[in-house]
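Protein chains: 2
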Amino acid sequence: MHILITGAAGMIGQKLTAALVARGHLRGASITGMTLADVVPPTLPSGIAGQALAVDLSNPDAARSLLETRPDVIVHLAAIVSGEAEADTAKGYAVNLQGTIALCDAIAAQQDYRPRMVFTSSIAVFGAPLPPVIGDDVPPKPLTSYGAQKLMCEVLLNDLSRKGVLDAVSLRLPTICIRPGKPNAAASGFYSSILREPLIGERAKLPVSEDTRHWFASPRSAVGFLIHAAEISTESLGLDRALNLPGVDATVGAEIEALERVAGPDAVALIDKVDDPTVGAIVGGWPQAFDPQRALALGFSAETDMDQIIQVHIEDELGGQIPVQDLAEGGRQ
Amino acid sequence: MHILITGAAGMIGQKLTAALVARGHLRGASITGMTLADVVPPTLPSGIAGQALAVDLSNPDAARSLLETRPDVIVHLAAIVSGEAEADTAKGYAVNLQGTIALCDAIAAQQDYRPRMVFTSSIAVFGAPLPPVIGDDVPPKPLTSYGAQKLMCEVLLNDLSRKGVLDAVSLRLPTICIRPGKPNAAASGFYSSILREPLIGERAKLPVSEDTRHWFASPRSAVGFLIHAAEISTESLGLDRALNLPGVDATVGAEIEALERVAGPDAVALIDKVDDPTVGAIVGGWPQAFDPQRALALGFSAETDMDQIIQVHIEDELGGQIPVQDLAEGGRQ
């Protein structure tokens, strides 16, 4: 079992690599090698045969070189993120569309080869007007270049799966929460920030009203989706390989209530309400909730409430401790 | 008013060129030049300024050269047809997807330029399971590479229209009937053949049952759609520039009844029923009928019954005469 991960140096790519190394097997076979690729060189875990490569996927030669090991499973995470794809149209299409096409062409160029391809699509394929709860039959209508590029790749992968070039599963990932690391400029950043910063005793800005609703899964669930998508039988998917995924439907108010239950009122007091109508307008067009029957029937699972999502962050990123409580207790001593 | 037509040497391209020359104006301005492009050199009508070029659109340099005249309107007809796109996956994507992308890139490379782009999509973006009548909210799910490529282009053109790179209208053309010329190997060929051949006293094969239902418009209506799409205001289209179009919802039985009304029983007697389950299976997955409310509200129109579709063929291709009747009358003399 050889696995290729594109975008392996990113947050999800690193967690996926670690999870695969920890479990040691995939699709009933021992993992014998990994090819990790990204624009910056990823780190190959110790004890794993394979290669870590800095490549530009939109270069067809680079894509071909990645496929020379004929990986059994390809997890294609590499992408220009939403904000950059919107600002730099050419770069977004070059990487998010042409990079995927180059990978598919490189697969098609191999003889007698039909790998499982797990593709990270996004709920950004959907745009307003949307029903409050999005069923599996709601048509995707992207409102961003990122969403358009992800949808074009879904259509391509459906067609190439139908033709037997590859065997794809496209995952419309929920917004990942709590994203570890520092606050960033992404419009969605506050959804993580209002939990992540208070948990370590730092202040966070809330730019939208508390009734703003959105769809979340933890980084741990995202990794679980990717591994499950590599393992499932695709027979029941038929010709539509794109899946809406389970997640947690939560308002900002519900996030804050969960933070209070898990970390106490001192944590909540660190959130500053600073209205930002620009951010409000952007996130107002995003999906609020899904009813992902197809994915649930296939055994995909995620957290079921925001308390669990916070708990995953505490376990996976904070060593099981809540710093803000230690800080508060320290302050009271 | 300078107009670029890609695929100008094809049947629709030639008819569109002739219709534009005949009307002399578009979008309220006199037509002062045309650029006609195809893989084989098109014929520039006499008295029209411009150029007729043999180009391979999937070559980015070729696309750039086409845009040097900064046409006000681009009618993008060039495509590998359904059967060939299915058989030759690489060629289909090279022309139908990358050719369109190259055209868009060439547009984006021009400064202060936002042409109207009329793109010929297809009802092949839809695939079974489908409702008997397809409303404007039914999600496209292509079952062929051709349909997938057309859908990917629609998504691209929606995104680039939103960003102001161009101003697109994507037309999901009905099956064109009666297609002039000789019988061909296309699975849809019999829909035209069972009318076209009997009208000139030749035999035609019917490979499916008479209750097979499909969606048609004449070549004259197709040209009308393209010209109307060049002229409409796109404001009311919003972010979804793809339109289902009006047409005639007819069974094969209704086609034959119309043939009898227009050309008599001698014409109908020239149809040989020769079941072909392969053709039946292909066309069984195709759309049967549409309720194209958005296009109707925008003023698109087509024939309303099969008699009219036959009449258009007689007027535009047969000089207003029905040869089979002359033959029959000749025979009775």
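Residue numbers (our numbering), protein chains in the order written: chain A, -11 to 321; chain B, -11 to 321. Every residue, glycine too, gets a C-beta built ideally from N, C-alpha and C.
What separation, rounded to the nearest whole angstrom, lies between the Cα atoms of residue 115(A) and residue 225(B)?
Walking along the first sequence from the start, residue 115(A) turns up at place 127. Walking along the second sequence from the start, residue 225(B) turns up at place 237. Approximately 15 angstroms, taken between the alpha carbons.
Under 8 angstroms, Cβ to Cβ, is there at least one residue of chain B near residue 17(A)?
As a position in the first sequence, residue 17(A) is number 29, starting the count at 1. Closer than 8 angstroms: no.
Near residue 96(B), which residues of its chain fall below 7 angstroms by C-beta distance, leaving aside the five closest residues on each side in sequence?
Taking the second sequence and counting its residues from 1, the one referred to as residue 96(B) is at position 108. If we look at residue 96(B) and ignore the five residues flanking it on each side, its Cβ neighbours are 153.
Thinking just about the alpha-carbon of each residue, which of 55(B), 33(B), 14(B), -2(B) is nearest to the one in residue 27(B)?
Along the second sequence, read from residue 1 onward, the residue named residue 27(B) stands at position 39. Out of 55(B), 33(B), 14(B), -2(B), -2(B) has the C-alpha closest to the C-alpha of residue 27(B).
Which residues mark the beginning and the end of the beta strand (DSSP E) in which residue 292(B) is found?
Position 304 of the second sequence holds residue 292(B). That residue, residue 292(B), is in no beta strand (DSSP E); it is neither H nor E in DSSP.
For my contact list, residue -6(B) and residue 25(B) are in at a C-beta cut-off of 8 angstroms; report their separation, rounded to the angstrom.
Here residue -6(B) corresponds to residue number 6 of the second sequence, with the count starting at 1. Here residue 25(B) corresponds to residue number 37 of the second sequence, with the count starting at 1. So it is a contact: roughly 5 angstroms between Cβ atoms.
Kindly indicate if chain E contains any beta-carbon less than 8 angstroms away from that of residue 47(A).
This model lacks chain E altogether, as its protein chains are A and B.
Run the proximity test for residue 298(B): is its beta-carbon closer than 7 angstroms to any non-hydrogen atom belonging to the ligand HEM?
Questions concerning the ligand HEM fall outside what the structure shown contains, since it holds no ligand whatsoever.
Cα-Cα separation between residue 309(B) and residue 81(A), rounded to whole angstroms:
Here the question's residue 309(B) lines up with position 321 in the second sequence. Here the question's residue 81(A) lines up with position 93 in the first sequence. Whole-angstrom Cα-Cα distance: 53 angstroms.
Of the residues 215(A), 172(A), 179(A), 240(A), which one's Cα is nearest the Cα of residue 19(A)?
Looking up residue 19(A) in the first sequence gives position 31. Taking only the C-alpha atoms, the option nearest residue 19(A) is 215(A).
How far does the beta strand (DSSP E) with residue 104(B) in it reach, from first residue to last?
The count along the second sequence starts at 1 and reaches residue 104(B) at position 116. Residue 104(B) -> beta strand (DSSP E) spans 104 to 110.
For the stretch 172 to 200 of chain B, which residues have a beta carbon sitting closer than 8 angstroms to at least one beta carbon of chain A?
none
Could you work out which residues of chain B lie near residue 77(A), taking near to mean beta carbons separated by less than 7 angstroms?
Here residue 77(A) is taken as the residue at index 89 of the first sequence, counted from 1. Ordered by position in chain B, the residues that pass the 7 angstroms Cβ test against residue 77(A) are 151.
Range of the contiguous alpha helix (DSSP H) that encloses residue 266(A)
For the purposes of this step, residue 266(A) is taken as residue 278 along the first sequence, with counting starting at 1. Per DSSP, residue 266(A) belongs to the alpha helix (DSSP H) from 265 to 272.
Residues of chain B with CB closer than 8 angstroms to the CB of residue 322(A), please, in chain order.
This structure cannot settle anything about residue 322(A), because the visible part of chain A is limited to -11 through 321.
Which of helix, strand or coil DSSP assigns to residue 157(B):
For the purposes of this step, residue 157(B) is identified with residue 169 of the second sequence, where counting begins at 1. Strand at residue 157(B).
Should residue 132(A) be labelled buried (16 or more other beta-carbon atoms within 10 Å of its own) or exposed?
Within the first sequence, numbered from 1, the residue matching residue 132(A) stands at position 144. With 16 or more other Cβ atoms within 10 Å, it is buried.
Three-state secondary structure assigned by DSSP to residue 213(A)
Counting from 1 along the first sequence, the entry for residue 213(A) is found at position 225. Judged by DSSP in its simplified three-state form, residue 213(A) adopts helix.
In whole angstroms, what is the alpha-carbon distance linking residue 142(B) and residue 2(B)?
Mapped onto the second sequence, residue 142(B) falls at position 154. Mapped onto the second sequence, residue 2(B) falls at position 14. If I take the Cα positions, the gap works out to 24 angstroms.
Please classify residue 12(B) as buried or exposed, where buried requires at least 16 other C-beta atoms within 10 Å of its C-beta.
Translated into positions along the second sequence, residue 12(B) becomes position 24. Exposed: under 16 other Cβ atoms inside 10 Å.
Pull the bridge partners of residue 20(B) from the DSSP assignment, please.
For the purposes of this step, residue 20(B) is identified with residue 32 of the second sequence, where counting begins at 1. Note: residue 20(B) sits in no beta bridge, so no partner.
Tell me the start and end of each unbroken alpha helix (DSSP H) in the stretch 30 to 70 of chain B that is at least 4 residues and wholly inside, in chain order.
Residue ranges of uninterrupted alpha helix (DSSP H) with 4 or more members, entirely inside the stretch 30 to 70 of chain B and ordered along the chain, are 48 to 54.
Whole angstroms is fine: what's the gap from residue 315(B)'s alpha carbon to residue 165(B)'s?
One-based indexing of the second sequence puts residue 315(B) at position 327. One-based indexing of the second sequence puts residue 165(B) at position 177. Approximately 23 angstroms between the Cα atoms of the pair.
Is residue 133(B) close to chain A, meaning its C-beta is less than 8 angstroms from at least one C-beta of that chain?
In the second sequence, the residue the question calls residue 133(B) occupies position 145. So yes, residue 133(B) belongs to the interface.
Just to confirm my understanding: we take residue 272(B), look at its own chain, exclude 5 residues before and 5 after, and list those with CB closer than 6 angstroms. What are they?
Residue mapping note: residue 272(B) aligns to position 284 of the second sequence, counting from 1. Excluding positions up to five away in sequence, the list is empty.
Would you tell me roughly how many angstroms separate the C-alpha atoms of residue 249(B) and residue 295(B), rounded to the nearest one?
In the second sequence, counting from the first residue as 1, residue 249(B) sits at position 261. In the second sequence, counting from the first residue as 1, residue 295(B) sits at position 307. If you take the alpha carbons of residue 249(B) and residue 295(B), they lie about 8 angstroms apart.
Can you tell which of 17(A), 145(A), 4(A), 22(A) has the C-alpha that lies nearest to the C-alpha of residue 222(A)?
One-based indexing of the first sequence puts residue 222(A) at position 234. Here the closest residue by C-alpha is 145(A).
For chain A, check one thing: does any of its Cβ atoms lie closer than 8 angstroms to the Cβ of residue 103(B)?
Locating residue 103(B) in the second sequence gives position 115, where the first residue counts as 1. False, the Cβ-Cβ gap to chain A never drops below 8 angstroms.
Find the nearest neighbour of residue 126(A) within the set 307(A), 298(A), 282(A), judged by alpha-carbon distance.
Against the first sequence, residue 126(A) aligns to sequence position 138. Of the candidates 307(A), 298(A), 282(A), the one whose C-alpha sits nearest the C-alpha of residue 126(A) is 282(A).
Where the beta strand (DSSP E) containing residue 146(B) begins and where it ends:
Along the second sequence, read from residue 1 onward, the residue named residue 146(B) stands at position 158. Per DSSP, residue 146(B) belongs to no beta strand (DSSP E); it is in the alpha helix (DSSP H), 133 to 150.
Taking the alpha carbon of residue 213(B) as the point to measure from, which residue in 267(B), 302(B), 4(B), 195(B) has its own alpha carbon closest?
Taking the first residue of the second sequence as 1, we reach residue 213(B) at position 225. When C-alpha distances from residue 213(B) are compared across 267(B), 302(B), 4(B), 195(B), the shortest belongs to 4(B).
Cβ closer than 9 angstroms: which chain B residues qualify as neighbours of residue 146(A)?
What you label residue 146(A) is simply residue 158 of the first sequence in a count that begins at 1. Neighbours of residue 146(A) on chain B, chain order: 129, 130, 136.
Measuring CA to CA, which of 176(A), 206(A), 179(A) is closest to residue 233(A)?
Position 245 of the first sequence, counted from the start, is the residue given in the question as residue 233(A). For residue 233(A), the closest alpha carbon among the candidates 176(A), 206(A), 179(A) is that of 206(A).
Beta-bridge pairing of residue 232(B) - partner residues as DSSP gives them:
Locating residue 232(B) in the second sequence gives position 244, where the first residue counts as 1. According to DSSP, residue 232(B) bridges with 160(B).
Cα separation between residue 122(B) and residue 56(B)?
As a working mapping, residue 122(B) is identified with position 134 in the second sequence. As a working mapping, residue 56(B) is identified with position 68 in the second sequence. C-alpha separation (whole angstroms): 40 angstroms.
Validate contact between the stretch 191 to 210 of chain B and the stretch 259 to 269 of chain B using beta carbons, cut 8 angstroms, 3 pairs
yes
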